[in-house]
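Chains as they are written, first to last, in our numbering: chain A, 1 to 400; chain B, 1 to 290.
Data block below; observations after.
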Amino acid sequence: MNLHEYQAKELIESYGVPIQKGIMAESLDDAVAAYHKIVEESGNDVAIVKAQIHAGGRGKGGGVKLAKNLDELKEHAGNILSMMLKTPQTPGGMEGPGKLVSKILVAEDAYAPDFDACKEFYVSILMDREKQRNVIIYSTEGGMDIEKVAEETPHLVHKEWVDPQLGLQGFQTRKVAFNLGLSGAAFKNMTKFIAKLYKAFVSSDASLIEINPTVKTGDDRIIAVDTKLSLDGNALFRHPELEELRDESEEDPTEVEAKSIGLNYVKLDGNVGCMVNGAGLAMATMDIIKLSGGSPANFLDVGGTADAKRVESAFKIILRDPNVKAILINIFGGIVRCDRVAQGVVDAYKNMGTISVPIIVRLQGTNADIAKELIDNSGLAVKSAVLLQEAADLVKEVVS
Amino acid sequence: MSVLVNKDSKIIVQGITGTEGSFHTSQMIEYGTPIIGGVTPGKGGQEHLGKPVFNTVSEAVSKTGADTSIIFVPPRFAGDAIMEAASAGIKVIICITEGIPVQDMVKVRAYINDYDCRLIGPNCPGIITPDEAKVGIMPGFIHRKGKIGIVSRSGTLTYEAVDQVTKAGMGQSTCIGIGGDPIPGTTTKEAVELLMNDPDTEGIVMIGEIGGSMEANAAYWIKENGTKPVVGFIAGQTAPKGRTMGHAGAIVGGEADTAEAKMEIMRACGIAVVESPAEIGETMAKLLNK
Numbered sequence: 001m002n003l004h005e006y007q008a009k010e011l012i013e014s015y016g017v018p019i020q021k022g023i024m025a026e027s028l029d030d031a032v033a034a035y036h037k038i039v040e041e042s043g044n045d046v047a048i049v050k051a052q053i054h055a056g057g058r059g060k061g062g063g064v065k066l067a068k069n070l071d072e073l074k075e076h077a078g079n080i081l082s083m084m085l086k087t088p089q090t091p092g093g094m095e096g097p098g099k100l101v102s103k104i105l106v107a108e109d110a111y112a113p114d115f116d117a118c119k120e121f122y123v124s125i126l127m128d129r130e131k132q133r134n135v136i137i138y139s140t141e142g143g144m145d146i147e148k149v150a151e152e153t154p155h156l157v158h159k160e161w162v163d164p165q166l167g168l169q170g171f172q173t174r175k176v177a178f179n180l181g182l183s184g185a186a187f188k189n190m191t192k193f194i195a196k197l198y199k200a201f202v203s204s205d206a207s208l209i210e211i212n213p214t215v216k217t218g219d220d221r222i223i224a225v226d227t228k229l230s231l232d233g234n235a236l237f238r239h240p241e242l243e244e245l246r247d248e249s250e251e252d253p254t255e256v257e258a259k260s261i262g263l264n265y266v267k268l269d270g271n272v273g274c275m276v277n278g279a280g281l282a283m284a285t286m287d288i289i290k291l292s293g294g295s296p297a298n299f300l301d302v303g304g305t306a307d308a309k310r311v312e313s314a315f316k317i318i319l320r321d322p323n324v325k326a327i328l329i330n331i332f333g334g335i336v337r338c339d340r341v342a343q344g345v346v347d348a349y350k351n352m353g354t355i356s357v358p359i360i361v362r363l364q365g366t367n368a369d370i371a372k373e374l375i376d377n378s379g380l381a382v383k384s385a386v387l388l389q390e391a392a393d394l395v396k397e398v399v400s
Numbered sequence: 001m002s003v004l005v006n007k008d009s010k011i012i013v014q015g016i017t018g019t020e021g022s023f024h025t026s027q028m029i030e031y032g033t034p035i036i037g038g039v040t041p042g043k044g045g046q047e048h049l050g051k052p053v054f055n056t057v058s059e060a061v062s063k064t065g066a067d068t069s070i071i072f073v074p075p076r077f078a079g080d081a082i083m084e085a086a087s088a089g090i091k092v093i094i095c096i097t098e099g100i101p102v103q104d105m106v107k108v109r110a111y112i113n114d115y116d117c118r119l120i121g122p123n124c125p126g127i128i129t130p131d132e133a134k135v136g137i138m139p140g141f142i143h144r145k146g147k148i149g150i151v152s153r154s155g156t157l158t159y160e161a162v163d164q165v166t167k168a169g170m171g172q173s174t175c176i177g178i179g180g181d182p183i184p185g186t187t188t189k190e191a192v193e194l195l196m197n198d199p200d201t202e203g204i205v206m207i208g209e210i211g212g213s214m215e216a217n218a219a220y221w222i223k224e225n226g227t228k229p230v231v232g233f234i235a236g237q238t239a240p241k242g243r244t245m246g247h248a249g250a251i252v253g254g255e256a257d258t259a260e261a262k263m264e265i266m267r268a269c270g271i272a273v274v275e276s277p278a279e280i281g282e283t284m285a286k287l288l289n290k
């Protein structure tokens with residue numbers, strides 16, 4: 001589950017991590033009030049307006065602007081609020097429709113008063129799958145695309161792994177601060193920054209915290225300027241207060257609906273819909289569609305119970321996508337009996353009246369033969385298959 | 001011969017009295033799996049499905065000599081259940097539970113490293129040695145005793161492979177579902193190694209998916225140490241970057257996570273990689289000239 005920047009900053013601040021101060025606003029009036037407060041606290045007329053959407057690269061699409069005075073603040077806040085912001089990470093990228101901005105963050109100028117004395121670093125924490133433990137990744141090359149830095153200058157990207165049983169040790173935070181070239185008060189502040197950030201990561205069951213840039217100010221403070229934070233959805237039962245930070249308007253509404261009825265659905269942009277039991281088989285089914293000359297319109301795992309009601313809900317969700325030209329249902333019946341799934345398909349089909357696209361049903365496993373007979377005798381415009389290859393051939397037939 | 005589980009395994013079920021635990025325990029018993037008891041804290045002394053129930057795993061071990069455990073415990077308690085099994089001396093721990101928090105598994109991994117045990121899963125279908133022991137949730141009837149070992153991160157896709165292998169006239173030695181989580185107890189490489197060293201396994205099917213580097217690591221190991229034909233498939237050739245595809249571990253972060261990258265490495269290491277999951281069985285049959 002992804003958080004907005006303002007939520008991420010509030011979360012890490014609650015663990016004592018110093019942040020660039022800011023106030024979230026949803027209207028121009030709120031933005032002006034926020035600006036006055038920020039100016040009063042910082043003693044500096046400059047403020048930054050940052051669009052709050054779940055996508056990186058906001059600056060590239062004009063979603064981050066510097067305001068030197070109230071007039072500029074009003075102009076930028078007015079423009080950014082309700083804009084369709086395109087970034088390389090929004091659906092379709094810079095050529096896509098963009099994402100509606102309904103919240104902005106009015107933040108202090110973190111680089112004041114001495115811009116030239118500031119330094120930018122990269123700091124992130126995540127779980128390293130290879131080593132099966134948490135890792136702190138850091139670099140002197142802050143404010144840049146870290147994947148690019150790692151590719152071009154790998155010696156500038158450092159990693160510090162944390163022992164799961166002992167936790168982060170003092171020598172490790174010192175090592176980070178030394179490797180970032182810090183000394184004096186800034187060194188000390190960086191060791192504290194890293195220790196508190198790690199505590200925030202573990203205590204909130206985060207799956208990623210990325211602070212890019214982390215800034216050393218002219219007066220040697222270390223603060224989080226941009227913050228990206230994702231939480232482990234499986235651990236939210238421990239953090240009901242964090243569950244409330246979920247912003248469903250950032251998610252695809254169809255995906256949200258599918259989830260609420262127990263379907264795992266991811267929208268894609270192809271022309272053949274699919275409905276499968278099991279995540280691995282669902283991905284493999286998408287691959288089959290591609291190899292047969294089509295392109296998958298979605299990932300959809302119906303889970304262990306594919307009865308008429310679920311099949312019908314899945315049909316409705318898939319058919320909402322106007323690009324869908326055919327649907328492939330691929331069920332490997334184990335504990336679930338294929339004849340029951342087949343009955344579910346027939347019932348759902350009849351309940352829905354007419355389905356205008358061809359349906360291919362491939363049922364394999366328990367009672368597959370009975371299921372095929374059921375489909376074939378139903379009188380419905382449904383093609384049936386038993387072997388995966390037969391299903392692939394049928395897809396080829398309908399998309400060509 | 002086989003690996004990990006067989007007719008002589010002494011198996012207990014953690015969470016035997018729960019809905020899932022009850023259902024699958026009766027299925028396993030029906031298959032002929034040597035289930036000798038179960039554990040549900042607070043229900044010790046009772047009998048369930050004709051098997052004794054114990055309060056703790058260590059009690060079950062001391063009274064029954066159990067060496068294998070299968071876990072059907074809800075996600076918030078499952079990490080704890082794995083550690084309990086390890087500390088009680090269980091040698092093979094199979095965790096079916098899906099949805100365990102990642103930070104729990106980071107701790108569990110570190111904890112069980114101190115014990116002489118092997119964890120399979122979590123978020124997996126389990127292990128089956130056909131005609132001997134079904135320690136999992138897979139449909140038993142699709143399996144046939146034979147010489148092909150199967151390693152997979154997925155449930156139903158494994159059944160698909162099993163079915164094709166059976167229909168192509170071969171059977172399975174042991175099928176190991178290592179699970180779809182980011183931190184698996186047993187990696188693809190470790191599972192392949194077990195099968196490579198099993199005298200009764202003649203060929204190996206290795207099914208992977210997007211995310212992580214387990215398949216690449218297994219491929220490099222096979223290149224150096226492989227003595228048997230391996231057929232490989234990677235699910236998710238069409239999966240978009242940055243989206244989790246059902247399994248918590250199935251997500252493309254960087255280039256090395258993609259199906260294409262993994263398939264390329266596997267091919268370079270001498271694995272017979274199939275592009276279509278429909279070709280797994282026939283490809284193995286060809287390799288073994290059957």
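Just so it is clear, CB atoms sit at the ideal spot from N, CA and C, and this is done for glycine as well.
Owing to the predicted nature of the structure, the values given are computational and were not obtained by experimental measurement.
Of the residues the options, the one placed nearest residue i, counting alpha carbons only
{"i": "GLU210/A", "options": "ASN134/A, GLU152/A, ASP269/A, SER124/A", "result": "SER124/A"}
{"i": "PHE201/A", "options": "LEU394/A, ASP393/A, TYR15/A, VAL398/A", "result": "TYR15/A"}
{"i": "VAL57/B", "options": "GLU215/B, VAL205/B, CYS269/B, ILE12/B", "result": "ILE12/B"}
{"i": "ASP116/A", "options": "GLY56/A, ASP219/A, HIS158/A, ASP232/A", "result": "ASP219/A"}
{"i": "LEU85/A", "options": "ALA308/A, LYS74/A, GLY62/A, VAL106/A", "result": "GLY62/A"}
{"i": "LYS134/B", "options": "ALA256/B, VAL92/B, LYS7/B", "result": "LYS7/B"}
{"i": "ASP128/A", "options": "THR68/B, LYS241/B, ILE183/B", "result": "ILE183/B"}
{"i": "ASN212/A", "options": "THR366/A, ALA206/A, ILE146/A", "result": "ILE146/A"}
{"i": "CYS124/B", "options": "GLU84/B, GLY281/B, GLY180/B", "result": "GLY180/B"}
Chain A contact for residue i (CB, 9 Å cutoff)
{"i": "SER213/B", "result": "yes"}
{"i": "GLU30/B", "result": "no"}
{"i": "ASP163/B", "result": "yes"}
{"i": "ILE210/B", "result": "yes"}
{"i": "ASP104/B", "result": "yes"}
{"i": "ILE291/B", "result": "No statement about residue 291/B is possible, as the shown extent of chain B runs from 1 to 290 and does not include it."}
{"i": "PHE233/B", "result": "yes"}
{"i": "MET266/B", "result": "no"}
{"i": "MET196/B", "result": "no"}
{"i": "LYS107/B", "result": "yes"}
{"i": "ILE100/B", "result": "yes"}
{"i": "MET138/B", "result": "yes"}
Environment of residue i [buried if 16+ CB atoms lie within 10 Å]
{"i": "PRO97/A", "result": "exposed"}
{"i": "GLY254/B", "result": "exposed"}
{"i": "ALA110/A", "result": "buried"}
{"i": "ALA88/B", "result": "buried"}
{"i": "ILE261/A", "result": "exposed"}
{"i": "ASP205/A", "result": "buried"}
Within 9 Å, strictly: CB atoms of residue i and residue j
{"i": "LEU281/A", "j": "SER154/B", "result": "yes"}
{"i": "LYS290/A", "j": "GLN237/B", "result": "yes"}
{"i": "VAL361/A", "j": "VAL382/A", "result": "yes"}
{"i": "ILE331/A", "j": "VAL276/A", "result": "yes"}
{"i": "TYR220/B", "j": "GLY140/B", "result": "no"}
{"i": "PRO52/B", "j": "THR40/B", "result": "no"}
{"i": "ILE93/B", "j": "GLY126/B", "result": "no"}
{"i": "THR25/B", "j": "LEU49/B", "result": "yes"}
{"i": "LYS228/A", "j": "GLU108/A", "result": "no"}
{"i": "GLY149/B", "j": "THR186/B", "result": "no"}
{"i": "ILE234/B", "j": "CYS269/B", "result": "no"}
{"i": "ILE80/A", "j": "VAL46/A", "result": "no"}
Residue-chain proximity (residue i, chain B), Cβ-Cβ < 9 Å
{"i": "MET283/A", "result": "yes"}
{"i": "PRO113/A", "result": "no"}
{"i": "ILE261/A", "result": "no"}
Per DSSP, the bridge partner or partners of residue i
{"i": "HIS48/B", "result": "LYS51/B"}
{"i": "THR129/B", "result": "ALA133/B"}
{"i": "ASN2/A", "result": "SER230/A"}
{"i": "TRP161/A", "result": "VAL135/A"}
{"i": "THR68/B", "result": "ILE11/B, VAL92/B"}
{"i": "PHE115/A", "result": "DSSP output for PHE115/A lists no bridge partner at all."}
{"i": "MET24/A", "result": "LEU105/A"}
{"i": "SER152/B", "result": "GLY177/B, ILE207/B"}
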